[in-house]
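Novice: This is the structure, below, for whatever I ask next.
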Amino acid sequence: MPSVGALHVQPAPLAPRVASRELRPAPSAPANTLRVALAVESIGYLVPRMEFIGRVHSAFAQACNLVCDDELLTIAASAIGDGPTTLRLARRAPTDLRELFDVGERIDCRQGVVRTRRAQLRLLQARVWCPAEPGPSLGRARIEAHLRNAQTRLAQRRGSAPSVIDGAAAALGEACRALDRERAVRHVDHLVGWGEGLTPAGDDFLVGLLAGLDALLDGVEARRQFRSALAAAVAARTSRTTPVAAHYLRLAGARHYSAPLVDLRAALLCEDDPDVVEVALAATLAIGATSGADTVAGLLAGLNAWLPARSALAAA
Amino acid sequence: MNTTTRFKIFANLYKDSVTLMQLGAQLRGRDGIAEASCLMATPANLAQLQHADLSIDTEASPSDLLVVVRGDPAACDEAIEAADALLQAKGASGGGGAEAFSMPLTSVALAVESNPGADLALISVPGDYAAAEAMKAIALGLHVMVFSDNVSIADELAIKTAARARDLLVMGPDCGTAIVNGVPLGFANVVRRGDIGLVAASGTGLQEVTCRIHNLGGGVSQAIGTGGRDLKEEIGGITMLQGLAALAADPQTSVLVLISKPPAPAIARRIEEAAGAAGKPVVVHFLGAGREPARPGLHVAASLRHAADVAVALARGERAPAAASMPAAAAIAAVEQCATTMVAAQKSVRALFTGGTFCYEAQLAFIERGLPCRSNAPAKGALPFDGRFDGHVFLDLGDDDYTRGRPHPMIDPLLRDAAVREQGADAQTAAILFDVVLGFGSHADPARGLAQALADAQREARRQGRALALIGHVCGTDGDPQDKAAQVRQLEAASAVIVGSNVEAASLAAHLAAQLAGRTAAKSG
Chain D
143 MPSVGALHVQ PAPLAPRVAS RELRPAPSAP ANTLRVALAV ESIGYLVPRM
193 EFIGRVHSAF AQACNLVCDD ELLTIAASAI GDGPTTLRLA RRAPTDLREL
243 FDVGERIDCR QGVVRTRRAQ LRLLQARVWC PAEPGPSLGR ARIEAHLRNA
293 QTRLAQRRGS APSVIDGAAA ALGEACRALD RERAVRHVDH LVGWGEGLTP
343 AGDDFLVGLL AGLDALLDGV EARRQFRSAL AAAVAARTSR TTPVAAHYLR
393 LAGARHYSAP LVDLRAALLC EDDPDVVEVA LAATLAIGAT SGADTVAGLL
443 AGLNAWLPAR SALAAA
Chain L
2 MNTTTRFKIF ANLYKDSVTL MQLGAQLRGR DGIAEASCLM ATPANLAQLQ
52 HADLSIDTEA SPSDLLVVVR GDPAACDEAI EAADALLQAK GASGGGGAEA
102 FSMPLTSVAL AVESNPGADL ALISVPGDYA AAEAMKAIAL GLHVMVFSDN
152 VSIADELAIK TAARARDLLV MGPDCGTAIV NGVPLGFANV VRRGDIGLVA
202 ASGTGLQEVT CRIHNLGGGV SQAIGTGGRD LKEEIGGITM LQGLAALAAD
252 PQTSVLVLIS KPPAPAIARR IEEAAGAAGK PVVVHFLGAG REPARPGLHV
302 AASLRHAADV AVALARGERA PAAASMPAAA AIAAVEQCAT TMVAAQKSVR
352 ALFTGGTFCY EAQLAFIERG LPCRSNAPAK GALPFDGRFD GHVFLDLGDD
402 DYTRGRPHPM IDPLLRDAAV REQGADAQTA AILFDVVLGF GSHADPARGL
452 AQALADAQRE ARRQGRALAL IGHVCGTDGD PQDKAAQVRQ LEAASAVIVG
502 SNVEAASLAA HLAAQLAGRT AAKSG
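Going down the list, the protein sequences come from chains D and L. Start counting the first sequence at 143; every next residue gets the next number (this note's numbering). Start counting the second sequence at 2; every next residue gets the next number (this note's numbering).
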């Protein structure tokens with residue numbers, strides 16, 4: 143999910159409280175303005191391809207956020223990776239997006255061509271990114287070995303600085319294992335919006351947790367109901383976190399995740415080769431200051447919560 | 002101390018997590034500041050501020066950025082002012098006019114933020130952390146040069162696999178030399194730009210070949226280092242294969258050169274196959290491997306010097322020259338003349354190298370002539386050095402054994418200078434064989450101390466009634482900051498015989514060793 147991948151990505155507050163300089167309208171482009179053509183390598187499966195209107199919400203060197211209706215779209219440098227709402231630029235696209243996009247300026251997409259005052263992106267030729275279907279699942283012992291290794295790597299990554307959310311996160315994992323909705327909602331209440339950073343650690347953990355639980359629903363009704371209740375609890379609290387984190391929590395509630403997280407989840411559950419798991423894990427851990435680590439912590443908590451019971455059910 | 006809490010809300014201001022955490026740390030480090038926090042003003046975080054004794058009364062919203070500091074009132078005011086200047090500056094990860102308070106670039110992400118055009122990261126951190134930093138750089142879409150050593154082979158495989166999946170190149174770990182688009186990285190020399198592209202698993206090997214190409218009038222398009230383990234079975238030559246493919250596709254490159262110590266056989270085959278399909282002439286030098294061309298289009302060189310000679314000839318459309326390893330007649334005559342005044346006990350060559358590949362190549366010159374030798378980094382056919390200086394000994398003084406806790410001898414040559422004096426005083430020593438490596442990263446005047454040490458060694462030998470042969474070569478170009486000609490002059494003034502390449506120096510020393518061995522045999526016969 144781009145929340146962990148997009149170091150600089152912010153969604154727009156839908157109704158900014160302050161008409162600050164960040165959201166001042168930009169003047170329209172003169173008709174004869176030359177635009178930089180940005181090559182788009184791929185677009186996420188939730189990105190509208192033909193028509194939309196929006197505004198630039200925020201611009202960073204490697205990412206630019208657009209607000210379109212109630213959705214956030216992100217134009218991102220290739221390195222940030224794919225995501226459901228990401229327009230991923232080709233590798234050699236111009237470098238600093240701040241030079242091309244002004245906060246508040248209007249964006250028009252007509253017939254698959256996005257235009258701003260200084261940039262133009264053609265979407266129709268871009269590949270549409272969708273998460274690949276995971277392969278057949280590994281045996282329980284192999285998955286557990288991957289999870290143990292991942293837990294070790296996570297601990298190494300954190301070093302001597304555990305996350306402030308560790309206690310509440312562990313307790314939420316236990317509540318998931320016990321399918322205890324009341325306890326889970328109590329912990330969600332603590333976690334939403336908690337922690338340093340643009341996407342607070344608690345939110346990153348919750349996104350990872352939902353991704354982990356989604357992988358092990360296994361058609362079990364009790365789990366499906368628990369997951370729905372958990373997602374509803376998260377959704378009800380998104381106003382209590384940053385706009386960017388709220389956006390990705392909403393996506394996670396609807397089971398939409400970014401490429402690094404999907405790849406890591408698939409590797410942990412389906413990939414026999416530990417090197418492949420290691421690469422996926424390292425790529426996710428490397429995201430942001432702590433976002434990647436917090437997301438991995440959530441994913442491992444979700445998988446650990448339901449993996450043993452899954453095996454028991456399978457045996458039965 | 003009189004303390005207060007100050008805060009400032011930056012409405013709808015968005016900075017990435019790394020910047021926020023760095024800013025918080027910087028504020029906490031300011032004089033007079035007891036506590037500081039820089040975070041998004043979510044209800045959960047506002048509640049947590051109370052626990053940190055930073056509680057404030059505000060109606061900030063989650064889309065607001067909040068900076069809170071506690072401490073001396075004046076210091077708090079200054080800190081808030083500094084934070085304001087930094088956060089409001091364009092590209093606020095550092096620089097950007099934030100003169101009052103400039104944050105250092107303490108991560109690859111921050112560096113990319115401040116310099117979005119960068120596409121290569123050079124990682125030089127302790128080995129335990131290098132793989133993680135490399136992975137971050139790869140995630141940011143950067144090619145990587147890992148200067149650090151002590152990176153596990155599992156980590157090397159992981160970062161190279163991740164990079165390859167993104168069509169990025171990892172040079173290293175333990176990659177000391179590269180020249181990318183004319184920019185020298187690590188230990189590298191000032192060489193002319195041209196149409197010869199190199200990929201090498203050997204740092205000083207790469208320096209030797211690029212320097213000779215320059216000295217012959219040729220030029221270098223790119224020189225890519227792979228790290229010494231790239232051609233091992235476990236890694237599979239990932240970087241060399243990527244580099245080869247990149248140079249094969251590069252219109253600025255007309256001839257390719259591949260250099261390595263002997264690869265695993267399966268890897269060698271894979272590389273030769275790829276080289277054969279490059280569509281351009283490829284010169285291959287796997288030190289100590291066979292010399293027969295494996296397939297059409299490949300030119301197998303006999304030495305580092307020969308690799309450069311062949312590449313320059315091919316780039317000029319000329320026939321590849323035959324291998325030559327002996328120096329000019331004058332150098333041979335000077336050493337033979339010196340040998341006539343040596344006493345019977347003098348029968349050993351002591352080779353003291355700063356460049357690992359030079360040490361390896363020199364051993365090969367002895368092994369080819371059937372001369373036994375020992376080394377702390379033994380080539381195939383050499384014996385491991387057990388600490389006793391008996392017979393021909395080849396030391397790679399840049400090896401971990403000698404660099405733990407001290408700079409590499411190319412940077413700080415004092416260790417080698419001391420070894421020269423010590424070995425010069427040994428009654429067995431007939432010759433001291435050495436290298437001097439110039440270029441960026443190396444000592445500013447390596448010949449100065451070495452010339453003094455050589456002179457001291459010669460003086461001590463004469464005091465004992467012996468003569469020493471001092472044989473060396475200077476790896477560098479006329480463009481290097483050390484002034485190659487002046488370096489050579491200093492060494493020659495100390496009665497050293499300086500030849501044009503490492504293989505010539507080693508062959509000359511081996512020639513002397515063979516002569517001395519023959520003399521001993523004749524006497525005992």
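All residues carry an ideal CB built from backbone N, CA and C; glycine is no exception.
1. Is the Cβ-Cβ distance between T242/D and A205/D less than 8 angstroms?
2. Just the Cα atoms here: how many angstroms apart are G218/L and D484/L?
3. The region 326-346 of chain D: which residues have C-beta closer than 8 angstroms to a C-beta of chain L, in chain order?
4. Which of the three DSSP states, helix, strand or coil, is assigned to I285/D?
5. Measuring only between beta-carbons, confirm whether M104/L sits less than 8 angstroms from chain D.
6. Do you know how far the Cα of T426/D is from the Cα of A352/L?
7. Helix, strand or coil: how does DSSP classify G271/D here?
8. My output table needs one value for G309/D: the three-state DSSP class, helix, strand or coil.
9. Closer than 8 angstroms is the cut-off here; do at least three beta carbon pairs connect the region 212-230 of chain L with the region 193-202 of chain L?
10. Would G25/L and S38/L qualify as a contact pair, given that the criterion is a beta-carbon distance under 8 angstroms?
11. Could you tell me whether the Cβ atoms of Q223/L and I180/L are closer together than 8 angstroms?
12. From G72/L to D78/L, what distance separates their C-alpha atoms?
13. Give the DSSP-derived three-state secondary structure of C176/L in the structure shown.
14. Measure the alpha-carbon distance for L180/D versus Y15/L and round it to whole angstroms.
15. Would P117/L pass as an interface residue toward chain D - the criterion being a Cβ-Cβ separation below 8 angstroms?
16. The beta strand (DSSP E) that contains H409/L, what's its start and end?
17. Going along the chain, which residues of its own chain have a beta-carbon closer than 7 angstroms to the beta-carbon of A157/D, five neighbours each way excluded?
18. Sorted by chain position, which residues of the same chain lie with C-beta nearer than 7 angstroms to P169/D's C-beta, five sequence neighbours on each side aside?
19. If we cut at 8 angstroms on Cβ distances, does L121/L have a partner in chain D?
20. Do V421/L and A458/L come within 8 angstroms of each other at the CB atom, strictly closer than that value?
21. Can you list, in chain order, the residues of the region 140-155 of chain L whose Cβ is nearer than 9 angstroms to any Cβ on chain D?
22. Between the C-alpha atoms of L449/D and D322/D, what's the straight-line distance to the nearest angstrom?
23. If you draw a straight line from the alpha carbon of P155/D to that of H52/L, how long is it in whole angstroms?
24. What are the boundary residues of the beta strand (DSSP E) that includes H393/L?
25. Closer than 7 angstroms, Cβ to Cβ, to anything on chain D: give me those residues from the region 28-47 of chain L, in chain order.
26. Assuming L391/D contacts R369/D under a Cβ cut-off of 8 angstroms, what Cβ separation, rounded to an integer in Å, is found between them?
27. Could you check whether V438/L and G473/L sit closer than 8 angstroms to each other, using their CB atoms as the reference points?
28. Does the region 428-448 of chain D come within contact of the region 247-263 of chain D, defined as at least 3 CB pairs closer than 8 angstroms?
29. Do you know offhand how far H199/D's Cα is from L188/D's?
30. Give the single residue among L215/D, I185/D, S184/D and G186/D whose Cα lies nearest to the Cα of G196/D.
31. Does the ligand ATP have even one heavy atom less than 7 angstroms from the beta-carbon of F188/L?
32. Taking all protein chains shown into account, decide if M192/D is buried (16 or more other Cβ within 10 angstroms of its Cβ) or exposed.
33. Report all residues from its chain with a CB closer than 6 angstroms to the CB of A161/D; omit the five preceding and five following residues, and keep chain order.
34. Can you find a C-beta in chain L that's less than 8 angstroms from the C-beta of Q262/D?
35. Among V404/D, Q293/D and V386/D, whose alpha-carbon lies nearest the alpha-carbon of L66/L?
36. For V126/L versus E134/L, is the C-beta spacing smaller than 8 angstroms?
Specialist: According to the data block:
1. In the sequence on display, residue 242/D carries Leu and not Thr. No, Cβ-Cβ distance for L242/D and A205/D is not below 8 angstroms.
2. Going by the C-alpha atoms only, they are around 18 angstroms apart.
3. Of all residues in the region 326-346 of chain D, those with a C-beta nearer than 8 angstroms to a C-beta of chain L are H332, L333, V334, G335, W336, G337, E338, G339, L340, T341, P342 and G344, reading in chain order.
4. Three-state DSSP puts I285/D in a helix.
5. Residue placement at M104/L is poorly supported in this model, since its pLDDT is 44, which falls under 50; the coordinates are not used for a value here.
6. A352/L and T426/D: Cα-Cα distance of roughly 48 angstroms.
7. Residue 271/D is actually Trp in this sequence, not Gly. It is a strand residue.
8. Note: G309/D maps to helix in three-state DSSP.
9. These segments touch.
10. Yes.
11. In this structure, I180/L lies closer than 8 angstroms to Q223/L by Cβ.
12. If you take the alpha carbons of G72/L and D78/L, they lie about 10 angstroms apart.
13. Coil.
14. Roughly 24 angstroms between the two C-alpha positions.
15. Yes, its Cβ sits closer than 8 angstroms to a Cβ of chain D.
16. DSSP places H409/L outside any beta strand (DSSP E), giving it a letter other than H or E.
17. At A157/D the pLDDT is 27, less than 50, meaning the model places this residue with poor confidence; the figure from the coordinates comes in the next sentence. When the five nearest sequence neighbours on each side are left out, no beta carbon in the same chain lies closer than 7 angstroms to the beta carbon of A157/D.
18. Per-residue confidence for P169/D stands at a pLDDT of 42, beneath the threshold of 50, marking its modelled position as unreliable; no derived number is given.
19. At a cut-off of 8 angstroms between beta-carbon atoms, L121/L makes no contact with chain D.
20. Here A458/L is near V421/L, since their CB atoms are less than 8 angstroms apart.
21. Contacts with chain D (Cβ-Cβ distance below 9 angstroms) from the region 140-155 of chain L involve A140, L141, G142, L143 and A155, listed in chain order.
22. In this structure, the CA atom of L449/D is about 16 angstroms from the CA atom of D322/D.
23. Reliability of the predicted coordinates at P155/D is poor, the pLDDT of 27 falling under 50, and the value obtained from them is presented with this limitation in mind. Taking the CA atoms as reference points, P155/D sits about 28 angstroms from H52/L.
24. It spans H393 to D397 - the beta strand (DSSP E) in which H393/L sits, taken as one unbroken run.
25. Per Cβ criterion, the list reads L40, M41, T43, P44, A45 and N46.
26. Taking 8 angstroms as the upper bound for CB-CB distance, L391/D and R369/D are not in contact here, some 14 angstroms apart.
27. For G473/L and V438/L, no; Cβs fall outside 8 angstroms.
28. No: fewer than three Cβ pairs fall under 8 angstroms.
29. H199/D and L188/D have their alpha carbons spaced roughly 18 angstroms apart.
30. Of the candidates L215/D, I185/D, S184/D and G186/D, the residue whose Cα lies closest to the Cα of G196/D is L215/D.
31. Annotation note on the ligand ATP: not contained in the displayed structure, which lists no ligands.
32. Here M192/D is exposed, its C-beta having fewer than 16 other C-beta atoms within 10 Å.
33. In this prediction, A161/D has a pLDDT of 23, which is less than 50 and means its spatial position is unreliable; what the coordinates show is noted afterwards. Hits under 6 angstroms: none found.
34. False, the Cβ-Cβ gap to chain L never drops below 8 angstroms.
35. Per the C-alpha coordinates, the member of V404/D, Q293/D and V386/D positioned closest to L66/L is V386/D.
36. Yes, Cβ-Cβ distance for V126/L and E134/L is below 8 angstroms.
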